[in-house]
Amino acid sequence: MLTQQIINGLTLGSLYALLAVGFSLICGILNMITFSHGEIFMIGAFSGLYTIIALGGNLPLGLAAAVVVSAAAGILTERIAFRPFRNESPLSPALITIGLSISLQAGILLLFGADTKPFPYNVSAHKFILGNTVISGIEVFVIGISILLMIMLHLFIHYTRWGLALRATSQRIEAADIMGISTNRIIAIAFCTASLLAGIDGLLAGAYYSAFYPRMGVAISLKALAGATFGGIGSIQGAMAGALSLGVIESLAAGYISASYRDVIAFTILIFVLLIKPSGLLGQMREEKV
Amino acid sequence: MVLAELKNISKDFGGITALKEIDMVVRQGGIHGLIGPNGAGKTTLFNIISGNYDATGGDLLFEGNSILKLRNDERVGLGIVRTFQNIRLFPSFSVLDHVKMGFHRRASANWLSSILWLNNTKKEESWIEEESRHLLKKVGLESFAQQQAKNLSYGNQRRLEIARALAAKPKLLLLDEPAAGLNESEVRTLLEQIREIHAEGITIILVEHDMNLVMEVSDQITVLSHGQKIAEGSANEIRNNPIVIREYLGTGKIEC
Amino acid sequence: MNTFVKKIAGLLSVGVLSIGLLAGCGSGSDKASKDDNIIYLGAAGPFTGDNAEYGTEWKKGFDIALEEINAKGVAGGKKLQIIYEDTQSDPKQSATVAQKFVKNDKIYAVFCDFTTNSTWSAAPIYQKAGLVQLAPNPSHPQLTKPGNYIFQLCPTQADQAKALSTLAVDELKAKKIAVIYLNTDFGKAVKDNVVTAAKAKGVEIAGEESYLPTDKDFKAQLTKIKTGNPEVIVLGSYYTDGALIVKQARDLGINAQFIASSSVHSPALFQLGGSAVNGLITMSVFNVSNPGETLKNFSAKYSSKYKANEPDTFATQAYDAIRLIANAINKTYEKNKKVTRQGIRDELASTKDFPAASQDSITYSANRQLENAKLYPIIAKDGKFLPYKK
Amino acid sequence: MIRNRKYILLQIIAVAIISVPFILDDKYIFHIAVMSGIYMILSMSLNVQLGFTGLFSFGHAAFYGIGAYASALLTRDLGLPFVAAFILSGLFTAFIGTLIALPALRLKGIFLAIGTMCFNEIFCLLSTNLESLTGGPAGLPDIPVPSVFGLEITQPKDYYILITLLVLVTYKVFDNLIKSRHGRALTSIRDDEIAARAIGVNITNYKIKVFAITAFFAGLSGSFFAHYLSYISPSNFALSESFNLMAMIALGGIGNLPGSIVGAGILVIIPEVFRFLQDYRELIYGLTIVLIVLLLPQGIIGWISGLLHRQQTSQDLAGSPKKFSVETILHRI
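Protein sequences appear in the order of chains A, B, C and D.
Note that my numbering has the first sequence beginning at 1, numbered continuously upward.
Note that my numbering has the second sequence beginning at 291, numbered continuously upward.
Note that my numbering has the third sequence beginning at 547, numbered continuously upward.
Note that my numbering has the fourth sequence beginning at 937, numbered continuously upward.
Next up, the structure:
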């Protein structure tokens, strides 16, 4: 059972991770919190799904649609909710994104209805059976894609000019500004990256569970935020590790303790981590300057 | 008479020694200057006295008692009050509220009394109001009383910060580069103000880059360099101290 | 604020205002027709929010019933009309809507609500005002406890549990069963009643696993259940989560027989579960093997109107709910030549052998629950529910 | 003099608004008014915590729930009279608030926000799972009707009178607190913790006390809610309820106490008024929050008083604070 639960947890964690790195990017750079990331995940999923259906099963174009729509939504969110409040209280962006998340859910519900939509293709046909453990093809695919995207993100952040600027900006916005980095553009890029990952994640999760519905981003984004915090906001590796371990913790908690207390256990562990190391397991402490 | 005494004070920041075994005696009623080149550890020492930082080693006596274990705000209650190099005002407060804030430790009405607006709260609040206006008048800011502090000129913001500290009725006032960013005439006014405060019997420790100002007002000066005390004495002694000249003034500039 | 944001804000403002105006005008015409010839009924349910899809099915069932009833007229030629109020099946909103309905003396009976929570939070208000509260879907065994104006239309979980445990033990000869249930009042009631009933029959419980309404990943629970090796797994789920659970169980190589309470009885089960749900046995509240006239009629109308195969439990119960009320209205009108809230309650309470779609016939017991509630085992097969025969 | 006249005018307006439900004398209106009152207390207490002290508490609904469950259990299962249970549930919630404050002290800004959100989730999950205590997901029905000194409270009108008194008391308490030295200390913590400490404010002590007192009032309103509806279940106290409260204080103005009353009133009434929008209601609700924060950063009250001020005084206050409320909440997190 242990291997199976770990595989379950890793799949779940991979889905959290793609959202978690987005939280980590956004919260890390701006020190602000967004509540509409789950809805970007959701509209990415819906635009992907409906493109696939409309084009009679063209998966790559579906993925492209998810990427484009969610990235656009992310950039728009930044313009509306974050740019006017830079260097101000994180409360206003939090409230605006709460509003956006409510209205995006309502909007999708009006457009596509409340019922859960299935993914029109059977994705779990391939199975690998190792003794008592079953791994389906889609699980390998989900974990694989997630890791691939993480590696790409890592390369982007550490080996490109934009990545360097991104890191500089997250260290100190004002300083980056002085150094001639266009912080507006960098922050837009951060949002764009975070959102397109969320969009891909949405389509992936929708296909994996074969369930697309307006509130599909609510619970998973809270978990992803918890995962990101757990691993360390502002750190990509931290957020990824945090999300994956949260997935595994949940799986093990449900498997060995109690499914009813699964989330209680996960959130309690998170609170303890925050208390011991407020910046998360792999996050950097920010020194208070007198 | 000794008001405060630093004994062997050391401070490490993650293995880097910022201060090494500093001894310093602050006399009651004096103005004690603290100078040194950038990175000498002046501000660190200052933060240890005020309680913003914990010392790694040594002891700190105030009126004969060790206060190293006390928190920043508790030291305010004993009469150690500071200002900040980069002026820390409360952005949403009016000028009057800043001064009222200074009375925080001197007032005694508890939460219950405040919530119910009992007589002692009422009395205390009107006393604070009266005293604050009085103090504002003294520092010449009474015409700005209802304005947001952040709309004041830089010089007035400095003055307000000092007024806020004075409202706490300090025995030891810690001024962290009060002349930074002020123009010539504002520095003159500041000098006046420091003298007035001194005249009221308040002991002052002054960290300052403006050498002229330090030399002019201080009766005792401590010179720090690379986290160590290299000299101590009156303004004249410091001016003529060969070590100071070599280490510090030898650069040809009194400013650093 | 920069101009871009200003523009967006302006655009949004215009959007909000115009949506408001449009919707206002649209519904304004509804409200204007305050005709003495109309008897209003209130429907308080989840028309938006988490459970909106079930509210949508209500509306479908209501609409077909209204067409039929209004073609003939009630209480001497009057028409029935429904006033919808969204509660999102949120208890707090349900109570608010209740206050709104009870003060509107044109409303004679109310359908409220989708969950036990939201039914109970409104119950004291309807009770005090003396307004019938007919709850179409909740199956909590104690649902009608709050007062004599509250009526249940769904066989209770006690009934379901009896049927499910009989099925599992007597028909499927299971020695070991496991339960996986939604952690709400509904799912918990399924679990509690099934576990008690099964234990009474001497069956081993190999696992009791819960999940949250927001969960879509059940593999952790299923993996745990797999180690217990049950022969039968009982689902306390709605159809959306039910379909996903069965699918994920099959992915994990669990071959146990799934049985479920009637709440999974919906064509959507096949859309979401695909071929994985084949073989699932559930309880139908309606008699599929030998449908009565009422059910046949409703199914046909539903299929042609909504281009769907067959109606689900929620639409069917909504359909019956209105017909029950219409029947009570007619009876009290015959007796008293007028319609009152009290009259409707009394007649509804004495409903006997009323031909219905969701049951062959409905008779209310003394505590306003279904007397002799029948459940019909059905098996999912290639996109259809067929009567289950051993 | 002008100030005095303004004050009297405000009192007249307040009395007028309070008496509206009596004139309309309609149970539904009374119900809405009672619900508004409950939210007014909640949003005022949240505003003291979040708006005045700058503590990013995103899980206020949990305190509301703790009060509700405590009061329900005290009366229903232990048979305590309403008045005693009411006070005790407030005190119990304050106690929990203190316990929460201790770890919360270590967290700042968005981390405190995430921590308190987790607390809210944990509370809801526990109230769902601890079935023997909380009734589980089905909740607690049959919470006794309150009686105050022998008088049974049954009609929405009676509840309305009670909640109005409670709102006024809450307002007075928080208003007194805010204008006292303790209120200044709280605001100074929000503006600049280091400067606050440097002028003698014991931050730890103040944060704990603020958690306690705001939890106390949240607990009271929870108790009132439980007895008013006589039924509670975990979904009443979900995270979305905390977000609702935040929307209320944003609407009224962050750090503006009367604003919280107005904000809560509006956000309880508006969805009712817009019921006719049906499917569009949620959409409009969400967009309204977005627009308010974008267009009225100081909230409605701040905006109106800004308008009045602009008319009264000419250009001399050109430099006066434009975004007083939002900007000053802890610029450094």
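Quick reminder that beta carbons are idealized off the backbone N, C-alpha and C, glycines included.
Checklist entry - Mind checking if D:M1270 is an interface residue toward chain A, Cβ cutoff 8 Å exclusive? => result The structure shown does not extend to residue 1270 of chain D, since chain D spans only 937 to 1269, so no value can be given for it.
If the cut is a Cβ gap below 7 Å, which residues of chain A does D:N983 touch? The residue labelled residue 983 of chain D in the question sits at position 47 within the fourth sequence. Residues of chain A whose Cβ lies closer than 7 Å to the Cβ of D:N983 do not exist, since the nearest Cβ in that chain is about 12 Å away.
Rounded straight-line distance, which links the Cα of A:G28 to that of C:L710:
As a working mapping, residue 710 of chain C is identified with position 164 in the third sequence. As a working mapping, residue 28 of chain A is identified with position 28 in the first sequence. The alpha-carbon separation between C:L710 and A:G28 amounts to approximately 52 Å.
Q.
Using the Cβ count rule (16 or more neighbours within 10 Å means buried), how would you classify C:Q639?
A. Taking the first residue of the third sequence as 1, we reach residue 639 of chain C at position 93. So C:Q639 counts as buried.
Cα-Cα, which of D:E1208, D:L1232 and D:G1238 is closest to D:I965?
As a first step, residue 965 of chain D must be located in the fourth sequence, where it is residue number 29. Residue D:E1208 is the option with its Cα nearest to D:I965.
Short of 9 Å Cβ to Cβ, which residues in the stretch 1216 to 1235 of chain D face chain A?
Taking 9 Å as the upper bound on Cβ-Cβ separation, chain A lies near residues Y1216, R1217, E1218, L1219, I1220, Y1221, G1222, L1223, T1224, I1225, V1226, L1227, I1228, V1229, L1230 and P1233 of the stretch 1216 to 1235 of chain D.
(request) Using a Cβ-Cβ cut-off of 8 Å, state whether A:G255 counts as contacting chain C. (result) Counted from its first residue, the first sequence places residue 255 of chain A at position 255. Yes, A:G255 counts as interfacial toward chain C.
- Item | C-beta atoms of C:L728 and C:S664 nearer than 8 Å | To locate residue 728 of chain C, count along the third sequence from 1; it is residue 182. To locate residue 664 of chain C, count along the third sequence from 1; it is residue 118. Cβ atoms of C:L728 and C:S664: not closer than 8 Å.
From the DSSP output, read off the bridge partner residues of C:E777.
On the third sequence, position 231 is the one that residue 777 of chain C refers to. Looking at the DSSP assignment, C:E777 forms no beta bridge with any residue, so it has no partner.
Self-check item: A:A175, enclosing alpha helix (DSSP H) - first and last residue
Solution: To locate residue 175 of chain A, count along the first sequence from 1; it is residue 175. That run of the alpha helix (DSSP H) goes I173 to I178.
**Asked** Counting only beta-carbon atoms, is D:N1065 nearer than 8 Å to chain A?
**Response** As a working note, residue 1065 of chain D is residue 129 in the fourth sequence. Yes, because at least one Cβ of chain A sits closer than 8 Å to the Cβ of D:N1065.
Using 8 Å as the limit for Cβ to Cβ distance, is D:L1124 near chain C?
Here the question's residue 1124 of chain D lines up with position 188 in the fourth sequence. Residue identity differs from the one stated: residue 1124 of chain D is Ser in this sequence, not Leu. Among the residues facing chain C, D:S1124 is not included, as its CB has no counterpart in that chain under 8 Å away.
Requested in this report: Pull up the distance between the alpha-carbon of D:L1165 and that of D:V1081, whole angstroms please.
Outcome: Here the question's residue 1165 of chain D lines up with position 229 in the fourth sequence. Here the question's residue 1081 of chain D lines up with position 145 in the fourth sequence. Their backbone Cα atoms lie some 9 Å apart in a straight line.
Quiz prompt | CB-CB length for C:A903 against C:L680, believed under 8 Å | solution = For the purposes of this step, residue 903 of chain C is identified with residue 357 of the third sequence, where counting begins at 1. For the purposes of this step, residue 680 of chain C is identified with residue 134 of the third sequence, where counting begins at 1. That pair is no contact at about 15 Å.
- Query: Cβ of B:K461 less than 8 Å from any chain D Cβ?
  - Reply: Locating residue 461 of chain B in the second sequence gives position 171, counting from the first residue. No, B:K461 does not count as interfacial toward chain D.
Taking C-beta pairs closer than 8 Å, name the residues in chain A that D:G1045 reaches, listed in chain order. In the fourth sequence, residue 1045 of chain D corresponds to position 109, counting from 1. What D:G1045 touches in chain A: N31 and P90.
#### Entry: Exposed unless 16 or more other CB atoms sit within 10 angstroms - verdict on B:Y444
As a first step, residue 444 of chain B is located in the second sequence; it is residue number 154 there, counting from the start. Residue environment analysis places B:Y444 among the exposed positions, since fewer than 16 neighbouring C-beta atoms fall within 10 angstroms of its C-beta.
Checklist entry - What are the uninterrupted segments assigned as beta strand (DSSP E) that are 3 or more residues long and contained completely in the stretch 299 to 354 of chain B, given in chain order? => result Counting only runs of 3 or more, we get 306 to 317, 321 to 325 and 347 to 352.
Point to revise | Pairwise C-alpha distance: D:A1021 and C:S835 | key: Here residue 835 of chain C refers to the residue found at position 289 of the third sequence. Here residue 1021 of chain D refers to the residue found at position 85 of the fourth sequence. Each residue's alpha carbon lies about 56 Å from the other.
- prompt: From C:Q634 to B:N376, what does the alpha carbon distance come to, in whole angstroms?
  reply: Counted from its first residue, the third sequence places residue 634 of chain C at position 88. Counted from its first residue, the second sequence places residue 376 of chain B at position 86. Cα to Cα, C:Q634 sits roughly 53 Å from B:N376.
Say whether chain D places a C-beta atom closer than 8 Å to the C-beta of B:R372.
Indexing the second sequence from 1 puts residue 372 of chain B at position 82. Yes, its Cβ sits closer than 8 Å to a Cβ of chain D.
| query | chain C beta carbons: is any one of them nearer than 8 Å to that of D:G1075? | reply | Here residue 1075 of chain D is taken as the residue at index 139 of the fourth sequence, counted from 1. Cβ-Cβ to chain C under 8 Å: yes for D:G1075.
- B:R536 to B:H516 span [Cα, whole Å]: Translated into positions along the second sequence, residue 536 of chain B becomes position 246. Translated into positions along the second sequence, residue 516 of chain B becomes position 226. One C-alpha to the other measures close to 14 Å.
What is the DSSP secondary structure of B:R378, reduced to helix, strand or coil? The residue you call residue 378 of chain B lines up with position 88 of the second sequence. Look at B:R378 here: in three-state DSSP terms it is coil, with no helix or strand label.
Contacts of C:D731 in chain D (Cβ-Cβ under 7 Å): As a working mapping, residue 731 of chain C is identified with position 185 in the third sequence. Within chain D, the C-beta atoms nearer than 7 Å to that of C:D731 come from P1073 and A1074, in chain order.
Can you tell me where the alpha helix (DSSP H) with B:P532 in it begins and where it stops?
For the purposes of this step, residue 532 of chain B is identified with residue 242 of the second sequence, where counting begins at 1. For B:P532, the enclosing alpha helix (DSSP H) covers residues P532 to E537.
Self-check item: Beta-bridge pairing of C:C658 - partner residues as DSSP gives them
Solution: Mapped onto the third sequence, residue 658 of chain C falls at position 112. Note: C:C658 sits in a beta bridge opposite C:A590.
Notebook entry, point to check: Around the C-beta of B:R485, are 16 or more other C-beta atoms found within 10 angstroms, so that it is buried, or is it exposed?
Noted result: Here residue 485 of chain B corresponds to residue number 195 of the second sequence, with the count starting at 1. Exposed is the call here.
message = Could you compute how far the alpha carbon of C:T769 sits from the alpha carbon of A:A254?
response = The residue given as residue 769 of chain C occupies position 223 in the third sequence. The residue given as residue 254 of chain A occupies position 254 in the first sequence. Distance between C:T769 and A:A254, taken at the CA atoms: about 10 Å.
*asked:* Shorter than 7 Å, the distance from the beta carbon of D:M971 to the closest heavy atom of the ligand GDP, or not?
replied: Questions concerning the ligand GDP fall outside what the structure shown contains, since it holds no ligand whatsoever.
- Message: Against chain D, which members of the stretch 261 to 278 of chain A pass a CB distance test of less than 7 Å?
- Response: The residues in question are Y261, D263, V264, F267, T268, L270, I271, L274, L275 and P278.
Can you name, in chain order, every residue of its own chain whose Cβ lies under 7 Å from the Cβ of D:L1041, other than the five neighbours on each side? Within the fourth sequence, the letter at position 105 stands for residue 1041 of chain D. Non-local beta-carbon contacts of D:L1041 in its own chain, meaning distances under 7 Å to residues more than five positions away in sequence, involve T1140 and K1143 in chain order.
(message) I'd like to check one pair, A:S70 with A:I43: are the Cβ atoms closer than 8 Å?
(response) Position 43 of the first sequence, counted from the first residue, corresponds to residue 43 of chain A. Position 70 of the first sequence, counted from the first residue, corresponds to residue 70 of chain A. Yes, these two residues count as a Cβ contact at 8 Å.
Counting only C-beta atoms, is D:E1208 closer than 8 Å to chain A at any point?
Stepping through the fourth sequence from its first residue, residue 1208 of chain D is reached at position 272. For D:E1208, the answer is no, since every Cβ of chain A falls outside 8 Å of its Cβ.
Is there a Cβ from chain F that is less than 8 Å from the Cβ of A:A71? As a matter of chain content, chain F is missing from the structure shown, whose protein chains are A, B, C and D.
_Using beta carbons (cut-off 8 Å, strictly below), is D:F1161 in contact with chain B?_
Within the fourth sequence, numbered from 1, the residue matching residue 1161 of chain D stands at position 225. No, D:F1161 does not count as interfacial toward chain B.
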